[in-house]
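Q: Before we start, here is the structure in question, set down as structure tokens.
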Amino acid sequence: MHGPAFQEGHRVQPLIEAEETYAAIETAIDRAEDEVLMAYWTLTPDLDLVTDRAENWEALLSRAVGRGVRFRVLLADFDPVFTPTLHRSAWRTYRRLMDLSGPSNRAEATLQVMCSQNPVRPGLPEIVAGNVAAQFRIGRLIERLAASAEEGGGGGDAARRAFATAPGLWRHIVRRGDRFVRRQPRPANLLPGTHHEKLCIVDRRTAFVGGLDIGERRYDTLRHDRETPWHDLACRLEGPAVALLTHHFVDRWNVELEAFRDFMDDLPDFEEKADVRPAELRPMTDGAEAAGGTGAEGEVAVATSRSGGESPAALDVDRRITSISAAIEEIVGAARRFLYIETQYLRARSVTDRLIRAARENPELEIILLLPLAPDRLDPDAGWSTPTRHGHWLQYRNIRRLRRALGERVGVFTLVSRQPAGDDDAPEDTVLGARGIYVHAKTIVADDRIAMVGSANLNGRSLALDTEAAILWRQPAAVREFRQRLWHHHLGFAMPDDFDPARHSALALWNRAAAVNMRAGITARPGFAIALENGRARRKARPSPFVRSRYV
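Numbering (the numbering used here) for the sequence shown: 874 to 1425.
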């Protein structure tokens, strides 16, 4: 695919942690005049607002709808058989948003929302094996529903509610009173991919893009003093590229609208169906003329990843939107002194190959990687499954390859909080007697000249399967300020104010700071960064010949 097409005249504001990100999005929605477009992997309406703890996101959206702001919301849907908890969560949010302003909202369609499935489908071997496994999974789901009906009392209300918020199961299971029975077996619509991007566009003038979904689990402050510490990034964007992100959203909406209608039409007819069928959903018009420059000097290029499903009308605009893979190639190829990478996953062999090649082509290049202690914590249905263990093995292998090829020119780090580990904390989530900070951010910085911020991890899913969005940003002074602020946050006072990676070793700085943090007491650490031993990933890693790497 073609390389990034940079445009001038952008203002980019990096946002560190959910405390900053949520406050900025909340303020923008409160000031919205016409329209808000939202695409998220997960969205929790009852999350308290950062800007007003007495209110939640449901109140924020309701207030905007009340003054006539139009909302279009794309929620990621999930495989109902293999990831039922995530599937139910998506549809619970869907129903909450459907009822946001009462019955009148359905008629006026001021707020329109879809639970959207990624259109990519597995190959024939995966379909055959997946359907065999699906029949066993459906049997277990029926057992769980029956157990919930018996234990919950109240005539099985809990089981009925759980079933009502899982419409993807209705083609496989039927409710007869308080009993749940398998329907005549039908092939399962296996969903290996999802819509992973996190995007909010306000009045087609301001966009928020990054790694943060809207949810309680993801909320944290710069102090990382929450019970489940979390590190993430996003950015606020103004300028011509907002029109490209708007086009991307509009094209997704119109393409996925047809699939959503087909999904609704295919649902069996019984009482729960009325609760999920929306008012007539309307296609969107693009009408997103490129906004004029903001007067700022920032150059921005938009990068997305979509596994098919683009409309023919999207082709002309798509020439100005590059792929996530091409964006990674651009930024890695630009580095001469240092590459700084934050990612939840480093599993793609192609990315590791490119990093090794870049280091060989540039003898002074150093690579700093920031990864989580335990990469998988988000799918409540997966546990330590075969795909999860295979993903850990891919990451272990890639880190080992980097260390063997680059030696002391690569450093791998993680973040640890100043909170002592509790009795209920899983061992893989703690280190040095403290709770780890889950690294969910996705950013790359090259030589203080160019940065990438978005939703894409460095794994097969983000590069070839899931829907992702990111921006590339060229503005040396501002990129440097972003990198300095981020490193100050991670390293604490071990980071000199006058440190210049053009003259000094960035990796040596990180190694010194990590050593200080590792020696200090739990509550006395000046920063959060410590060295990450690859052996941690090896403990749970198990390669599997039956798992395709693009799925993890």
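The C-beta atom is built at its ideal place from N, Cα and C for all residues, glycine as well. What you are looking at is a predicted structure, and each value in this text was computed from that prediction instead of being measured.
Tell me Gly1012's beta-bridge partners as DSSP assigns them.
A: Translated into positions along the sequence shown, residue 1012 becomes position 139. Answer by DSSP bridge pairing: none, since Gly1012 is not bridged.
Q: Once DSSP output is grouped into helix, strand and coil, what is the label at Ala1414?
A: Taking the first residue of the sequence shown as position 1, residue 1414 is located at position 541. Correct three-state label for Ala1414: coil.
Q: Helix, strand or coil for Met1368 per DSSP?
A: Mapped onto the sequence shown, residue 1368 falls at position 495. Coil at Met1368, not helix or strand.
Q: May I ask you to report which of helix, strand or coil DSSP gives Thr956?
A: Here residue 956 refers to the residue found at position 83 when the sequence shown is read from its first residue. Correct three-state label for Thr956: coil.
Q: Take every Cβ of the region 1292 to 1310, pair it with every Cβ of the region 1395 to 1413, and state whether three or more of those distances are shorter than 8 Å.
A: Yes, the region 1292 to 1310 touches the region 1395 to 1413.
Q: Rounding to the nearest angstrom, what Cα-Cα distance links Asn929 and Asp921 in this structure?
A: Your numbering for residue 929 matches position 56 in the sequence shown. Your numbering for residue 921 matches position 48 in the sequence shown. In a straight line, the C-alpha of Asn929 is about 4 Å away from that of Asp921.
Q: In three-state DSSP terms, what is Asp1328?
A: Locating residue 1328 in the sequence shown gives position 455, counting from the first residue. The sequence given here has Ser at residue 1328, not Asp. In this structure, Ser1328 counts as coil in the three-state DSSP scheme.
Q: Please report the residue range of the alpha helix (DSSP H) in which Thr1225 lies.
A: The residue labelled residue 1225 in the question sits at position 352 within the sequence shown. Where Thr1225 is concerned, the enclosing alpha helix (DSSP H) stretches over 1222 to 1234.
Q: Among residues of its own chain, excluding the 5 on either side of Asn1384, which ones have a beta-carbon nearer than 8 Å to its beta-carbon?
A: Residue 1384 sits at position 511 when you count from the first residue of the sequence shown. Correct list, in chain order: Gly1284, Ala1404.
Q: Rounded to the nearest angstrom, what separates Gln1008 and Glu908 at their Cα positions?
A: Here residue 1008 corresponds to residue number 135 of the sequence shown, with the count starting at 1. Here residue 908 corresponds to residue number 35 of the sequence shown, with the count starting at 1. Taking the straight line from one Cα to the other gives about 43 Å.
Q: Express the C-alpha separation of Glu881 and Thr924 in angstroms, rounding to a whole number.
A: Within the sequence shown, residue 924 is the residue found at index 51, counting from 1. Within the sequence shown, residue 881 is the residue found at index 8, counting from 1. Spanning the two alpha carbons is a distance of roughly 32 Å.
Q: Quick one: using the 10 Å Cβ neighbour count with 16 as the cut-off for buried, is Trp1346 buried or exposed?
A: Here residue 1346 refers to the residue found at position 473 when the sequence shown is read from its first residue. So Trp1346 counts as buried.
Q: DSSP on Met987, reduced to helix/strand/coil?
A: Indexing the sequence shown from 1 puts residue 987 at position 114. It is a strand residue.
Q: Check the C-beta distance from Gln985 over to Leu1154 and give it rounded, since I have them as a contact under 8 Å.
A: Your numbering for residue 985 matches position 112 in the sequence shown. Your numbering for residue 1154 matches position 281 in the sequence shown. With a Cβ gap of about 5 Å, Gln985 and Leu1154 count as contacting.
Q: Is it true that the CB of Val1005 sits closer than 8 Å to the CB of His1263?
A: As a working note, residue 1263 is residue 390 in the sequence shown. As a working note, residue 1005 is residue 132 in the sequence shown. Not in contact: His1263 and Val1005 (Cβ atoms no closer than 8 Å).
Q: Could you pull the start and end residues of the beta strand (DSSP E) that Leu1288 belongs to?
A: Taking the first residue of the sequence shown as position 1, residue 1288 is located at position 415. That run of the beta strand (DSSP E) goes 1283 to 1293.
Q: Less than 8 Å separating the beta-carbons of Ile1204 and Ala1319?
A: On the sequence shown, position 331 is the one that residue 1204 refers to. On the sequence shown, position 446 is the one that residue 1319 refers to. Cβ atoms of Ile1204 and Ala1319: closer than 8 Å.
Q: Among residues of its own chain, excluding the 5 on either side of Glu892, which ones have a beta-carbon nearer than 8 Å to its beta-carbon?
A: The count along the sequence shown starts at 1 and reaches residue 892 at position 19. Here the set comprises Val923, Tyr1092, Asp1093, Thr1094, Leu1095.
Q: For the beta strand (DSSP E) holding Tyr1213, just list the boundary residues, first then last.
A: Position 340 of the sequence shown, counting from 1, holds the residue named residue 1213. Unbroken beta strand (DSSP E) run through Tyr1213: 1211 to 1215.
Q: Could you name the residues of the same chain whose beta carbon sits closer than 7 Å to that of Ala1387, not counting the 5 residues immediately before and after it, in chain order?
A: Locating residue 1387 in the sequence shown gives position 514, where the first residue counts as 1. Counting only Cβ-Cβ distances below 7 Å, and skipping sequence neighbours, we find Phe1286, Ala1402, Ile1403, Ala1404.
Q: For Gly1083, which option in Val1054, His1313, Gly1050 has the closest C-alpha, if you only look at C-alpha atoms?
A: As a first step, residue 1083 is located in the sequence shown; it is residue number 210 there, counting from the start. Of the listed residues, the one whose Cα sits closest to Gly1083 is His1313.
Q: How about Pro1040 and Arg969: are their beta carbons less than 8 Å apart?
A: The residue you call residue 1040 lines up with position 167 of the sequence shown. The residue you call residue 969 lines up with position 96 of the sequence shown. No, these two residues do not count as a Cβ contact at 8 Å.
Q: What residues match up with Leu910 in a beta bridge as DSSP calls it?
A: On the sequence shown, residue 910 is found 37 positions in, with the first residue counted as 1. Paired residue(s): Arg945, Ile1074.
Q: Should Gln1348 go down as buried or exposed, given a rule of 16 or more other Cβ atoms within 10 Å for buried?
A: As a first step, residue 1348 must be located in the sequence shown, where it is residue number 475. Gln1348 is buried by the Cβ-count criterion.
Q: Please report the distance separating the alpha-carbon of Pro877 from that of Asp1051.
A: As a first step, residue 877 must be located in the sequence shown, where it is residue number 4. As a first step, residue 1051 must be located in the sequence shown, where it is residue number 178. Pro877 and Asp1051: Cα-Cα distance of roughly 56 Å.
Q: Grab the span of the alpha helix (DSSP H) containing His1263 for me, first residue to last.
A: Within the sequence shown, residue 1263 is the residue found at index 390, counting from 1. Unbroken alpha helix (DSSP H) run through His1263: 1259 to 1279.
Q: In three-state terms, what does DSSP make of Arg1052?
A: In the sequence shown, the residue the question calls residue 1052 occupies position 179. Correct three-state label for Arg1052: strand.
Q: Thr956: buried (16+ other C-beta within 10 angstroms of its C-beta) or exposed?
A: For the purposes of this step, residue 956 is identified with residue 83 of the sequence shown, where counting begins at 1. Buried, since its Cβ has 16 or more Cβ neighbours within 10 Å.
Q: Could you tell me the alpha carbon to alpha carbon distance between Arg943 and Thr983, rounded to whole angstroms?
A: For this step, residue 943 is matched to residue 70 along the sequence shown. For this step, residue 983 is matched to residue 110 along the sequence shown. Distance between the alpha carbons of Arg943 and Thr983 is about 5 Å.
Q: Between the Cα of Val1289 and the Cα atoms of Trp1103, Asp1076, Leu1212, Ala937, which residue gives the shortest distance?
A: Here residue 1289 is taken as the residue at index 416 of the sequence shown, counted from 1. Cα-wise, what sits closest to Val1289 is Trp1103.
Q: Which residue wins for smallest C-alpha separation from Ile1241, given the options Phe1211, Arg1230, Arg1220?
A: The residue labelled residue 1241 in the question sits at position 368 within the sequence shown. If we check each option's Cα against that of Ile1241, Phe1211 comes out closest.
Q: How many angstroms separate the CA atom of Thr1340 from the CA atom of Pro992?
A: As a working note, residue 1340 is residue 467 in the sequence shown. As a working note, residue 992 is residue 119 in the sequence shown. Using only the alpha carbons, I get a separation of about 10 Å.
Q: Is Pro1418 buried or exposed, if buried means 16 or more other CB atoms sit within 10 Å of its CB?
A: Here residue 1418 refers to the residue found at position 545 of the sequence shown. So Pro1418 counts as exposed.
Q: Please identify the residue among Pro1060, Ile1194, Leu1072 whose C-alpha is closest to the C-alpha of Trp914.
A: In the sequence shown, residue 914 corresponds to position 41, counting from 1. The shortest Cα separation from Trp914 among Pro1060, Ile1194, Leu1072 belongs to Leu1072.
Q: If we count the other Cβ atoms within 10 Å of its Cβ and call it buried at 16 or more, is Gln1268 buried or exposed?
A: The residue labelled residue 1268 in the question sits at position 395 within the sequence shown. So Gln1268 counts as buried.
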